Amino acid sequence: MKAFADLYDAIDRTTATQGKVAALVAYFRTAPGADAAWAVSFLIGRRPKRLVKSGDLRLWAAERAGIPDWLFEESYAQAGDLAETISLLVPGGGGVEAQESLAFWVEERLLPLARLDPPQQREALRETWNVLGGASRFVFNKLITGAFRMGVSDGLVVRAIAQVSGIDADVISHRLMGAWEPSTAWYEQLVHPETQDADWSRPYPFYLAYPLEAAPETIGEAAEWQVEWKWDGIRAQLVRRRGKTFLWSRGEELLAGRFPELEQMAEFLPDGTVIDGEIVAWRDGAPLPFSELQRRIGRKTVGKTLLSDVPCALLAYDLLEVRGEDARTLPMADRRAALEQVVRAMPSGGTLHLSPVIEAAAWDAVHGARANSRTMRAEGLMLKRKSSPYGVGRRVGDWWKWKVVPLTVDAVLVYAQAGHGRRAGLYTDYTFAVWDGDALVPFAKAYSGLTDVEIRAVDRYVRQHTIEKFGPVRTVTPGLVFELAFEGIQESARHKSGIAVRFPRIARWRTDKLPRDADTLETIRAMLRAAQAPA
Amino acid sequence: MLRVTDSGLYCDAGDFFIDPWRPVPRAVVTHAHGDHLTWGCGSYLVSARGVGVTRERLGQWADRVEGIAFGDVRTINGVRVSLHPAGHILGSAQVRLEHGGEVWVASGDYKTDPDPTCDPWEPVRCHTFITESTFGLPIYRWPATPAVFDGIDVWWRENAAAGRASLLFGYGLGKAQRLLAGVDASIGPILVHGAVDRMTALYRDAGIPLPPTEYATAARGVASGALIVAPPSADGSTWARKFGPVSTAFASGWMLVRGARRRRSVDRGFTLSDHVDWPQLLGAIAATGAERVLVTHGFTGPVVRWLRETGLQADALATRYEGERDDAPDPATSAATAEMAETVASVNVAATASETAGETTTEPA
Chain A
1 MKAFADLYDA
11 IDRTTATQGK
21 VAALVAYFRT
31 APGADAAWAV
41 SFLIGRRPKR
51 LVKSGDLRLW
61 AAERAGIPDW
71 LFEESYAQAG
81 DLAETISLLV
91 PGGGGVEAQE
101 SLAFWVEERL
111 LPLARLDPPQ
121 QREALRETWN
131 VLGGASRFVF
141 NKLITGAFRM
151 GVSDGLVVRA
161 IAQVSGIDAD
171 VISHRLMGAW
181 EPSTAWYEQL
191 VHPETQDADW
201 SRPYPFYLAY
211 PLEAAPETIG
221 EAAEWQVEWK
231 WDGIRAQLVR
241 RRGKTFLWSR
251 GEELLAGRFP
261 ELEQMAEFLP
271 DGTVIDGEIV
281 AWRDGAPLPF
291 SELQRRIGRK
301 TVGKTLLSDV
311 PCALLAYDLL
321 EVRGEDARTL
331 PMADRRAALE
341 QVVRAMPSGG
351 TLHLSPVIEA
361 AAWDAVHGAR
371 ANSRTMRAEG
381 LMLKRKSSPY
391 GVGRRVGDWW
401 KWKVVPLTVD
411 AVLVYAQAGH
421 GRRAGLYTDY
431 TFAVWDGDAL
441 VPFAKAYSGL
451 TDVEIRAVDR
461 YVRQHTIEKF
471 GPVRTVTPGL
481 VFELAFEGIQ
491 ESARHKSGIA
501 VRFPRIARWR
511 TDKLPRDADT
521 LETIRAMLRA
531 AQAPA
Chain B
1001 MLRVTDSGLY
1011 CDAGDFFIDP
1021 WRPVPRAVVT
1031 HAHGDHLTWG
1041 CGSYLVSARG
1051 VGVTRERLGQ
1061 WADRVEGIAF
1071 GDVRTINGVR
1081 VSLHPAGHIL
1091 GSAQVRLEHG
1101 GEVWVASGDY
1111 KTDPDPTCDP
1121 WEPVRCHTFI
1131 TESTFGLPIY
1141 RWPATPAVFD
1151 GIDVWWRENA
1161 AAGRASLLFG
1171 YGLGKAQRLL
1181 AGVDASIGPI
1191 LVHGAVDRMT
1201 ALYRDAGIPL
1211 PPTEYATAAR
1221 GVASGALIVA
1231 PPSADGSTWA
1241 RKFGPVSTAF
1251 ASGWMLVRGA
1261 RRRRSVDRGF
1271 TLSDHVDWPQ
1281 LLGAIAATGA
1291 ERVLVTHGFT
1301 GPVVRWLRET
1311 GLQADALATR
1321 YEGERDDAPD
1331 PATSAATAEM
1341 AETVASVNVA
1351 ATASETAGET
1361 TTEPA
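Quick note, the sequences are listed as chains A and B, same order.
Just so we're aligned: the first sequence equals residues 1 to 535 in the working numbering.
Just so we're aligned: the second sequence equals residues 1001 to 1365 in the working numbering.
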């Protein structure tokens, strides 16, 4: 456990890629297989889900620390991290690092918590806190809260394992996909020199696009590029092998049972087919707003009503495996042609559709299409080089996402809440309002977009102009105006303002404006109407 | 006996101010940090140990500074005033006031951890104790000072072995000298930034033993193996880039929390503060025997509530002291922040709002 805690610390401490990889390599060179397996699992974000209720955890930690709940909450607000707050407040441990292995702590102490009832959990945690000190204690607490995250990309983890094992990074990457349980045997397989892989449920690593910041004219001739809509749905791979279907999300979660209409459709696919595409809520040949799809997300089982209210489809845009052969090295244009054949061979009226290619001979036409994205309920365009293979991870050059110009609104800061992690103890999570008659109606939350200097200035404002505190949230005197940017607007019955915006963030601080200069709800409604109207 | 006015903490009976933030005719000053010492007052009464650093900070007003020995009593308009060590920096004092049988102590900034560069904090019995609360939350518990210095020495040694300089940030007055006194000077040469150099000379003048240091001008060039002590404002400056490959670190109480450490974006954070942590704060309050506690700058709200729940009479006192800041107050940042604050002021919002929330108007950022 200490070695893993040290690894966490080393990664936490450096921002340099080299340093992170070096720390990972050093760890994997010496870690026993079972520990290495768990470490890989945690490093690439397969953390255990929350094992103990957050409320219980706070209660027991405050009780063990001998402080009232309110003081625990004040401390948490300042530290900005529940696991760290507990580590700092709870006595015991005496700074002694765990001697036992990571696998021991995970398998014997951490995972069993899930099988205990709350009083037993309380006892188990008190015992662990009494013996576990230093960095190990913090890492253990992080794992309990389900918020464990290490500041390292999957790519770096893969690079380090490749370096230690001498196996090609793409092979490692592929072996990490799909479902697996961390164990010594599994880790041995991960770094095994024999590259014939057995697990046939496994998806391919997703190829990700880079945002295009410059004009498309800078990346070559329009004719070299395949242009598609950038759909606002769930990126997914549909794997059909040996008469079985596996639907994977980009987070490598198996979506079994979540989208029965897609699994039914997949039965008509030839064996050895893997399609990359986007799951969208779909009716009458057009996508429904993302908020509709949200009703399906997170439902493990889907009732009949929901199924007919929010029917889903897969918009296919790539073919990664044909007749059991890995097709990723074929050029995009060839993969597209093969994909079109596969889709056309399907029975009509199904839930598999081609994501259309936008025919554009010149960039002018592409600009025109992008301006039309919102009416298509798309987030913008995808530009894929026709000659490009299907890569691994996010790489610059062949796939670009070119998002729509965001909508903007001037809004007033009305609530603030302290941030977490790097922003611990600073008021960085904001709620903004616009005018509805004489009242300010909250309509969006935003966390990003300000510089560190601006964050400090806003933090100071919040502290000096607090009207009321509700738990961690402060109501502030309306005084600061910000320009918010967002990708789209939808009607929403769940929001007080009646609207919901997509990906809101702060574009800039309008220090030149007073609250009375902020926009109105009517302005936003007009934007909504304009977005819905056909162009 | 003391109340907050627009100019600072004022004693009506004695007609003087303690640590005023505007020029006043007569000031009693606890220590020479910027948020406690303002320019242009008619007279300054400080501890004899603090005269040197106070004069340095005051420049043209230096001749208005008068020092008295710790424990000596000066009667001002019938109020008996004496100064007692606060353990914060060289010459830092608590101000004891006695009038009509009532005793108040204004403690300024203080710590109880060991520090060879200043006189140790002494508990002073009083009826009313005015305390800071910079680190007034139970998450703040300082590691043992020797362990912190061991960590600094290990870091310095590793850097020296790798051919790097070790650039260590800490406040130019107080923290920097405490660092100099605490590190293992046999590891390599020690360089100091100009702001640290001036203050260090005054510490030596006051008889504080410090290892030899060299003034680090930008012209000095690559300094592999050296420890360079500089104020936080030097972080990211062109000056800091003149010494070849460096590892950076910040010594501050804020470094205890990971988020603050990451925000600071230095290679290492060492938890070393010149303020009391939570147990020390509560211990100090208890040691004064005060029945009433007035809490200023820091986590005023939580400390007041905690004290009340433990049966003491406690209230918040809205001052403009800042305690220990975790940001680098470089000129560019301050200018931008000031400009924004200006904008904020222009919208003319009620400044009383913060009192509703039971907080001081300044909190350490």
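The beta carbon of each residue, even a glycine, is placed where N, CA and C say it ideally should be.
Nothing here was measured: the structure is a model prediction, and the numbers come from that model.
Can you look up residue i in the DSSP assignment and give me helix, strand or coil?
i                : result
A507 of chain A  : strand
V1124 of chain B : coil
I1139 of chain B : coil
S308 of chain A  : helix
K384 of chain A  : strand
P416 of chain A  : It is Ala, not Pro, that sits at residue 416 of chain A in the sequence shown. A416 of chain A falls in the strand class under three-state DSSP.
T1200 of chain B : helix
V1276 of chain B : coil
G1050 of chain B : helix
G1014 of chain B : coil
S1107 of chain B : coil
E90 of chain A   : Here residue 90 of chain A is Val; the residue named in the question, Glu, does not match the sequence. Correct three-state label for V90 of chain A: coil.
S41 of chain A   : helix
Are the CB atoms of residue i and residue j nearer to each other than 7 Å?
i                : j                : result
R58 of chain A   : F72 of chain A   : yes
L254 of chain A  : A236 of chain A  : no
H1202 of chain B : G1091 of chain B : Checking the displayed sequence, the identity of residue 1202 of chain B turns out to be Leu instead of His. Their beta carbons are not under 7 Å apart, which means L1202 of chain B does not touch G1091 of chain B by this criterion.
L314 of chain A  : A327 of chain A  : no
R1074 of chain B : E1098 of chain B : no
A5 of chain A    : S136 of chain A  : yes
G1253 of chain B : S1273 of chain B : yes
T1248 of chain B : D1267 of chain B : yes
V481 of chain A  : V412 of chain A  : yes
L1180 of chain B : A1226 of chain B : no
M1199 of chain B : G1172 of chain B : yes
I467 of chain A  : T477 of chain A  : yes
M439 of chain A  : V414 of chain A  : Reading the sequence as shown, one finds Ala at residue 439 of chain A and not Met. It is not a contact, given that the beta carbons lie outside the stated cut-off.
F206 of chain A  : R250 of chain A  : yes
So with CB distances below 7 Å, who are the chain B contacts of residue i?
i               : result
G391 of chain A : None at all; the shortest Cβ gap to chain B is about 31 Å.
L89 of chain A  : P1138 and I1139
A424 of chain A : V1257, G1259 and A1260
G134 of chain A : The contacting residues do not exist; G134 of chain A stays about 11 Å from chain B at best.
D81 of chain A  : R1258 and G1259
Which chain B residues are close to residue i, counting only those with a beta carbon under 8 Å from its beta carbon?
i               : result
Q78 of chain A  : L1137, I1139, V1257 and F1299
R13 of chain A  : D1267 and R1268
D318 of chain A : Residues of chain B passing the Cβ test: none, with the nearest at roughly 38 Å.
G146 of chain A : Under the 8 Å cutoff, chain B gives no residues; its nearest Cβ is about 18 Å from G146 of chain A.
So residue i contacts chain B; which residues on that side make the cut at Cβ distance below 9 Å?
i               : result
I568 of chain A : Because residue 568 of chain A is not part of the residues shown, which for chain A are 1 to 535, the question remains open.
E84 of chain A  : I1139, V1257, R1258 and G1259
D154 of chain A : Residues of chain B passing the Cβ test: none, with the nearest at roughly 21 Å.
G92 of chain A  : Going along chain B, no residue has its Cβ under 9 Å from G92 of chain A, so there is no contact; the nearest lies around 13 Å.
G55 of chain A  : Going along chain B, no residue has its Cβ under 9 Å from G55 of chain A, so there is no contact; the nearest lies around 19 Å.
Kindly list, in the order they appear in chain A, the residues whose Cβ is closer than 7 Å to that of residue i.
i                : result
P1302 of chain B : L71 and E74
R1164 of chain B : Chain A residues near R1164 of chain B: none, gap ~13 Å exceeds 7 Å.
R1026 of chain B : Ordered by position in chain A, no residue passes the 7 Å Cβ test against R1026 of chain B, which lies about 30 Å from the chain.
If I follow the unbroken beta strand (DSSP E) through residue i, where does it start and stop?
i                : result
Q490 of chain A  : G488 to E491
H1297 of chain B : R1292 to G1298
V1095 of chain B : A1093 to H1099
Q341 of chain A  : No beta strand (DSSP E) holds Q341 of chain A; the alpha helix (DSSP H) holding it covers M332 to R344.
Between which two residues does the alpha helix (DSSP H) containing residue i stretch?
i               : result
K20 of chain A  : T17 to T30
S173 of chain A : A169 to R175
E73 of chain A  : D69 to A79
For residue i, which residues from the same chain have a beta carbon less than 7 Å from its beta carbon, with the 5 sequence-adjacent residues on both sides left out?
i                : result
V1124 of chain B : H1084, Q1094, R1096, V1105 and T1288
A1328 of chain B : Caution is warranted here: a pLDDT of 38 is assigned to A1328 of chain B, below 50, making its placement in the model unreliable, and the coordinate value is therefore given only provisionally. Taken in chain order, the residues that qualify are P1232, S1233 and D1235.
CB-CB under 6 Å to residue i, same chain, minus the five flanking residues each way: which ones, in chain order?
i                : result
P1138 of chain B : W1278
D1015 of chain B : N1077
G1174 of chain B : I1089 and D1274
Nearer than 6 Å: is that true of the beta carbon of residue i relative to any heavy atom of the ligand FMN?
i                : result
L1167 of chain B : Although the ligand FMN was asked about, the structure shown includes no ligands whatsoever.
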